[in-house]
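In the numbering used here, the protein residues as written are 75 to 236.
#1: Let me make sure I understand the geometry here. Which of 224, 209, 172, 179 has the alpha-carbon closest to that of residue 218?
#2: Tell me which same chain residues have a C-beta within less than 6 Å of the C-beta of residue 120, skipping the five on either side of it?
#3: Which one or two residues does DSSP pair with residue 185 in a beta bridge?
#4: Hey, could you find the ends of the beta strand (DSSP E) residue 132 is sitting in?
#5: Tell me the rounded alpha-carbon separation between residue 102 and residue 232.
#6: For the beta strand (DSSP E) that residue 227 lies in, which residues bound it at each end?
#7: Provide the residue span of the beta strand (DSSP E) that contains residue 207, from first to last.
#8: In its own chain, which residues sit with a C-beta less than 6 Å from the C-beta of residue 153, not counting the 5 before and 5 after it?
#9: According to DSSP, is residue 78 helix, strand or coil?
#10: Is residue 229 near residue 197, with beta carbons less than 9 Å apart?
#11: Is it buried or exposed for residue 115, if we count other Cβ within 10 angstroms and need 16 for buried?
#12: Once you ignore the five residues that flank residue 78 on each side, which residues in its own chain have a CB closer than 8 Å to its CB?
#13: For residue 216, list the residues DSSP reports as bridge partners.
This is the structure we're talking about:
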């Protein structure tokens, strides 16, 4: 009779662990899909503003706060702070875990991060960027941080800078 009770508990334990694992997997896949959705927003802002200008970053930060529950962050490190000082001072604003950075290829063929500032790229200029998001963390250390490398093009007419 005892063996039957032990098997019943083992079946319940395995069943509950399976349900928990499936739930965690679904949450991770949902948050991973948000990276693709945010990438579409990044492409739109790059096209509209001629690169990852300060104006584009502000628009992306507002979108991240409205749609994904937090600000974009300063770096891809675990628990990086919000990009803008006003968000860091506001305790109600949390991090979305999204990090976006434009990069260029130097003379040696290596990719280097590039800060555009307010300089808009010429119409049709290809703009390369990296988008990462911290999805899971244990004790402040990130264990799942997917990255998407994207390319978009400026749709701003009348600028002469590249």
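C-beta: ideal position from N, C-alpha, C; glycine also. As the structure is a prediction and not an experimental result, all values here were calculated from the model.
This is what the structure holds:
#1: Within the chain shown, numbered from 1, the residue matching residue 218 stands at position 144. The shortest C-alpha separation from residue 218 is found at 209.
#2: Stepping through the chain shown from its first residue, residue 120 is reached at position 46. Closer than 6 Å at Cβ, skipping near neighbours: 201, 226.
#3: Counting from one through the chain shown, the residue named residue 185 turns up at place 111. In the DSSP output, where bridge partners are listed per residue, residue 185 has 179.
#4: Here residue 132 refers to the residue found at position 58 when the chain shown is read from its first residue. Residue 132 -> not in any beta strand (DSSP E); alpha helix (DSSP H) instead, spanning 128 to 142.
#5: By 1-based counting over the chain shown, the position of residue 102 is 28. By 1-based counting over the chain shown, the position of residue 232 is 158. C-alpha separation (whole angstroms): 43 Å.
#6: Within the chain shown, residue 227 is the residue found at index 153, counting from 1. Segment 221 to 227, the beta strand (DSSP E) holding residue 227.
#7: Position 133 of the chain shown, counted from the first residue, corresponds to residue 207. Counting along the chain, the beta strand (DSSP E) containing residue 207 begins and ends at 200 to 207.
#8: On the chain shown, position 79 is the one that residue 153 refers to. 214, listed in sequence order.
#9: Locating residue 78 in the chain shown gives position 4, counting from the first residue. Helix, per DSSP.
#10: One-based indexing of the chain shown puts residue 229 at position 155. One-based indexing of the chain shown puts residue 197 at position 123. Yes; because the gap between Cβ atoms is below 9 Å, this pair is in contact.
#11: As a first step, residue 115 is located in the chain shown; it is residue number 41 there, counting from the start. That one is buried.
#12: Taking the first residue of the chain shown as 1, we reach residue 78 at position 4. Cβ neighbours of residue 78 beyond the five flanking positions: none.
#13: The residue labelled residue 216 in the question sits at position 142 within the chain shown. DSSP lists 211 as partners of residue 216.
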